[in-house]
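Participant: Note that UniProt numbering has the sequence shown beginning at 1, numbered continuously upward. Glycine is no exception: its CB is placed at the ideal position from the N, C-alpha and C atoms.
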Amino acid sequence: MREWQDDLYEAVSRHAGLLRFGPRRERLSRGEYRSRMAAREQHAMDERRAAEARKTREAAEGLKRVADGLFELGNEQLAEIAAERAALNEEKERDETLRRENAHQAEANVARARQLDAQERSLRDAREDLVAQKKEIAEKEKIADRRYRSADAVLATVDLLEKGGPTPDQVAELLKAAPVQANENVRAKLARMRRAPHAAVRMAEMFGAVLTRLRATAQDEAETLVENERRELAEGLDAVARVTNFAAELIARFVPPASRENEHGKLRKLLMNVARVKTRNERRKRDDKSRGGDER
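1. Within its chain, find whatever has a CB closer than 8 Å to the CB of Arg-85; leave out the 5 residues flanking it on each side and keep chain order.
2. Using a Cβ distance threshold of 8 Å, determine whether the stretch 74-83 contacts the stretch 131-141, with at least three qualifying pairs required.
3. Determine whether the beta carbon atoms of Leu-190 and Leu-174 lie at a separation below 8 Å.
4. Determine, using beta carbons only, whether Arg-192 and Ala-156 come nearer to each other than 8 Å.
5. Say whether chain B places a C-beta atom closer than 8 Å to the C-beta of Pro-256.
6. Roughly how many angstroms separate the alpha carbons of residue 297 and Asp-288, rounded to a whole number?
7. Tell me which residues share the same chain as Glu-282 and place their Cβ nearer than 6 Å to its Cβ, disregarding the 5 neighbours each side in the sequence.
8. Report the option in Arg-100, Ala-196 and Pro-257 whose CA atom is closest to the CA atom of Val-154.
9. Could you round the C-beta distance between Ser-122 and Ala-199 to whole angstroms and report it? I think they count as a contact, below 8 Å.
10. For the candidate residues Ala-209, Glu-41, Val-171 and Ile-143, whose alpha-carbon lies nearest to that of Val-201?
11. So Ala-53 and Tyr-148 are supposed to be a Cβ contact under 8 Å. How far apart are they, rounded?
12. Considering only the alpha carbon of each residue, which of Val-158, Ala-258 and Thr-217 lies closest to Asp-46?
13. List the endpoints of the continuous alpha helix (DSSP H) containing Gln-170.
14. Secondary structure at Ala-199, three-state DSSP: helix, strand or coil?
15. Please identify the residue among Asn-273, Asn-109, Gln-42 and His-104 whose C-alpha is closest to the C-alpha of Glu-91.
16. I'd like the span of the alpha helix (DSSP H) that includes Asn-185, first residue to last.
17. According to DSSP, is Asn-273 part of a helix, a strand, or is it coil?
18. Buried or exposed for Arg-40, please, with buried defined as at least 16 other CB atoms from any protein chain shown within 10 angstroms of its CB.
19. With burial defined as no fewer than 16 other Cβ atoms inside 10 Å of the residue's Cβ, what is the status of Ala-60: buried or exposed?
20. Just checking my contact of Arg-65 with Asp-145 at CB under 8 Å: how many whole Å lie between their CB atoms?
21. On the CB-based measure, 16 or more other CB atoms within 10 Å of its CB, does Asp-152 come out buried or exposed?
22. Check Pro-256 in the structure and name its three-state DSSP category.
23. Assuming Phe-207 and Pro-168 are in contact, meaning their beta carbons sit under 8 Å apart, how far apart are those beta carbons, in whole angstroms?
24. For Ala-83, does the count of other Cβ atoms within 10 angstroms reach 16, so buried, or fall short, so exposed?
25. For the ligand PLP, is there a heavy atom less than 7 Å away from the beta-carbon of Glu-41?
26. Short check: CB of Asn-89 to CB of Asp-95, under 8 Å?
27. Might you give, ordered along the chain, the residues of its own chain that have their beta carbon closer than 8 Å to the beta carbon of Ala-50, omitting 5 neighbours on each side?
28. For Arg-284, does the count of other Cβ atoms within 10 angstroms reach 16, so buried, or fall short, so exposed?
29. So, with DSSP's three-state summary, where would you put Glu-101?
30. Does the distance from the C-beta atom of Gly-31 to that of Thr-217 stay below 8 Å?
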């Protein structure tokens with residue numbers, strides 16, 4: 001069953017930007033899980049853009065091949081017309097000497113020459129159109145290649161940052177010169193990122209902004225937790241002081257002087273045990289509440 005779920009994830013869910021396991025299985029906090037989920041969604045989107053760019057480039061290459069074929073065909077037809085025109089000119093020269101004897105043939109040849117001239121002009125216009133189409137196809141191919149390089153650079157940036165390597169603010173510096181201690185995998189990713197450095201830097205900035213927001217949220221939650229613990233500790237100490245004073249009054253009233261020190265020691269030990277149990281229970285409740293929020 002698990003293998004079937006793994007295959008389904010690799011074939012469908014992964015490309016939709018989903019993760020294989022939840023935060024509890026991955027042992028992640030809610031912020032870390034949201035960060036990884038956002039990165040996976042961005043990764044899936046970039047993969048789709050890269051696939052679209054590849055399709056566009058393949059379509060442009062197909063159009064280019066068709067245009068090249070039409071261009072060659074036009075050249076062949078122009079050559080045939082030129083050869084036919086040369087032959088016709090020779091025939092016109094002979095017709096000049098035979099014009100009086102064969103005036104009708106001469107007129108037919110003149111009409112044919114006009115027709116060939118019109119065909120030649122039409123083919124030349126078509127050739128100019130083909131040249132313009134080839135330029136347009138070449139421009140589309142450049143755009144498709146540029147989009148492909150940008151998408152590939154974004155994917156490489158996400159992979160590099162996801163592996164726990166450099167921080168987002170180090171990406172711009174790494175693109176200038178790879179560190180000597182970088183392994184072959186990191187160097188390969190940096191090479192892909194240098195093909196479209198602006199896209200890589202933009203992706204790193206987006207990644208850094210997400211991390212900054214997560215850190216700010218985590219800091220606010222930590223400050224709130226510390227304040228709650230400080231308040232609970234103050235309340236607990238106040239309660240312990242009241243209980244201690246009350247118990248001291250009882251000891252002073254009912255316990256002989258020789259046994260009072262021993263009873264005070266027992267009281268302190270009992271209150272310390274109660275404080276430890278209460279603190280442990282409160283922390284367990286907060287931890288359970290925090291884990292429940294992360295799982296949601």
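Facilitator: Straight from the coordinates:
1. Hits under 8 Å: Ala-113, Leu-116 and Glu-120.
2. no
3. Against a cut-off of 8 Å, the Cβ pair of Leu-174 and Leu-190 comes out as a contact.
4. yes
5. Structure shown: chain B not included; a single protein chain is present.
6. Because the chain spans 1 through 296 in this model, residue 297 falls outside it and cannot be assessed.
7. Excluding positions up to five away in sequence, the list is empty.
8. Taking only the C-alpha atoms, the option nearest Val-154 is Ala-196.
9. With a Cβ gap of about 46 Å, Ser-122 and Ala-199 do not count as contacting.
10. Val-171
11. Cβ atoms of Ala-53 and Tyr-148 come within 8 Å of each other, at about 4 Å.
12. Val-158
13. From DSSP, Gln-170 is part of no alpha helix (DSSP H); its letter is neither H nor E.
14. helix
15. Asn-109
16. 184-194
17. Asn-273 falls in the helix class under three-state DSSP.
18. buried
19. Flag for Ala-60 reads buried.
20. So it is not a contact: roughly 17 Å between Cβ atoms.
21. buried
22. coil
23. 5 Å
24. The residue is exposed, with fewer than 16 neighbouring Cβ atoms inside 10 Å.
25. Looking for the ligand PLP in the displayed structure turns up nothing, as the structure carries no ligands at all.
26. no
27. Tyr-148, Ala-151, Asp-152 and Leu-155
28. exposed
29. Reduced to three states, the DSSP call for Glu-101 is coil.
30. yes
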